[in-house]
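If you read the sequence shown in this note's numbering, its first letter stands for residue 968, the second for the next number, and so on. For each residue, glycine too, the CB sits at the ideal point set by N, CA and C. Single-structure report; data block below.
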Amino acid sequence: MLVTTALVIGAGGQIGSDLIPALQQAGHETWMVDLRPPEQTAGGAQLAEAMAGHPGWRERWITADAASPELAAIIERVQPQLVFHLAALLSATGEQKPGLCWHVNMDSLRVALDTLDAQRGRPVLVWPSSIAAFGPMPDGPSFAGRERVPNEFPLLPRTMYGVTKVAGELLGSWYAEQRQVDFRSLRFPGLLSATEPGGGSSDYANQMYFAAARDEPTVSVFVREDTRIPFMHMSDAVASLLALARADEQRLTRRVYNVSSFAPTASEISASIRRAGKHLAVAWLPDHRQAFVDSWPDDVDDGPARKDWSFAPALDLDGTTARLLSEIKALSTV
């Protein structure tokens, strides 16, 4: 699939700062939308460094509210063939502000889908879902005893963030089947990157990595040491987004795919950091976010993604640890 114009909605977050340079390097004219200018976003410093060789990128950055009708005018002006919709309030923040979480996560998606549907052709919209779409079963199939939860499984999230992810999966799939938007989604695990954590319930892992990279002697995290969920390094997350976006639509057997790289316990992450030569003491202090993480599967089956569009993550836990510690240290000196 040849795509020349791409639009990244929610460009200033954890994913955008890595995805945007990859799109530029692939030859796309990339437009960006975020509520804040790049220098005020979480990934702004990292993005500016990565885009130093791409003059003019700031002129394609549009400061706007993605959950407002203004987004429709932007899409109509840019006429993108490919859209990555990343704007979202994450799980921990979403529980504190559920109304805002629904507004940001769902209204922005609906505006994008409606506007793209009126556009010529069949534009592709890639939208990250999450393992937060899963939740405990009150009566029926359970995560218990399952090494990896299958792609098709009851979705009963415990958080408003998870509720918006399930609703978004269904809404996008409807547009793909009944309208003219080629909607594609993947359920990301916890994502690990050199961008500061931003309100997600999987942030405990990034907290450990940031503390270790900064040579802090101790760190307090908000989960038990036996907590286990799947994770992925951001480079593999970006590669998976691009691979799904480029896949032949005829080869896709579904609209939403599980993806995973490795599924360590919190204590196994700590041990990996020690193997990398960092002597970090961890205080395990579970808080209300423990219940959110406990409602997610230990790991997921991503066989359909591997079969349909050749999903193949490159980094395991120790590879991710080595790379993250180096990336965080490098950015802290910028």
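Residue interval of the beta strand (DSSP E) (run including residue i)
{"i": "leucine 1076", "result": "Segment 1075-1084 is the alpha helix (DSSP H) holding leucine 1076; no beta strand (DSSP E) there."}
{"i": "tryptophan 949", "result": "Past the boundaries of the shown model lies residue 949; the chain is included only from 968 to 1301, so the question cannot be answered."}
{"i": "proline 1103", "result": "Taken as a continuous stretch (DSSP letters only), proline 1103 belongs to no beta strand (DSSP E), as it is neither H nor E."}
{"i": "aspartate 1182", "result": "Neither: aspartate 1182 is in no beta strand (DSSP E) and is coded neither H nor E."}
{"i": "isoleucine 1029", "result": "1028-1030"}
Cβ separation of residue i and residue j, assumed to be a contact under 8 Å, to the nearest whole Å
{"i": "glutamine 1048", "j": "threonine 972", "result": "6 Å"}
Strand pairing of residue i, partner residues [DSSP]
{"i": "isoleucine 976", "result": "Val1000 and His1052"}
{"i": "asparagine 1225", "result": "Arg1154"}
{"i": "histidine 1070", "result": "In DSSP, histidine 1070 forms no bridge with anything."}
{"i": "aspartate 1149", "result": "Val1091"}
{"i": "phenylalanine 946", "result": "Only positions 968 to 1301 of the chain appear in this structure, which leaves residue 946 out of reach."}
{"i": "threonine 1232", "result": "Arg1195"}
{"i": "histidine 1200", "result": "Leu1159"}
{"i": "valine 1116", "result": "Val1267"}
Buried or exposed by the 16-neighbour rule on C-beta atoms within 10 Å, applied to residue i
{"i": "serine 1075", "result": "buried"}
{"i": "glutamate 1114", "result": "exposed"}
{"i": "proline 1121", "result": "exposed"}
{"i": "serine 1293", "result": "exposed"}
{"i": "histidine 995", "result": "buried"}
{"i": "arginine 1218", "result": "exposed"}
{"i": "methionine 968", "result": "Note on methionine 968: pLDDT 48, under 50, position unreliable in the model; the coordinate value appears next. Flag for methionine 968 reads exposed."}
{"i": "serine 1169", "result": "buried"}
{"i": "threonine 1220", "result": "exposed"}
{"i": "proline 1090", "result": "buried"}
{"i": "alanine 1281", "result": "exposed"}
Enclosing alpha helix (DSSP H) for residue i [first to last residue]
{"i": "isoleucine 1295", "result": "1284-1299"}
{"i": "threonine 1060", "result": "1058-1063"}
{"i": "valine 1260", "result": "1256-1261"}
{"i": "glutamine 991", "result": "983-992"}
is_contact[residue i, chain C] using C-beta, thresh 9 Å
{"i": "proline 1271", "result": "Protein chains in the displayed structure number just one, and chain C is not present."}
_Can you confirm whether the segment 1246-1255 touches the segment 1204-1219 when touching is taken to mean that 3 or more C-beta pairs between the two stretches lie within less than 8 Å?_
Judged by Cβ distances under 8 Å, the segment 1204-1219 makes no contact with the segment 1246-1255, as fewer than three pairs qualify.
*Decide yes or no for the touch test of the segment 1240-1247 against the segment 1163-1183: beta carbon pairs closer than 8 Å, at least 3 of them.*
A contact exists between the segment 1240-1247 and the segment 1163-1183.
*asked:* Could you check whether the segment 1264-1273 touches the segment 1185-1192, counting it as contact only if at least three pairs of C-beta atoms, one from each stretch, sit closer than 8 Å?
replied: At 8 Å Cβ cutoff, the stretches do not touch.
_Could you check whether the segment 1029-1039 touches the segment 1135-1142, counting it as contact only if at least three pairs of C-beta atoms, one from each stretch, sit closer than 8 Å?_
Three or more Cβ pairs closer than 8 Å define a contact, and the segment 1029-1039 falls short of that threshold against the segment 1135-1142.
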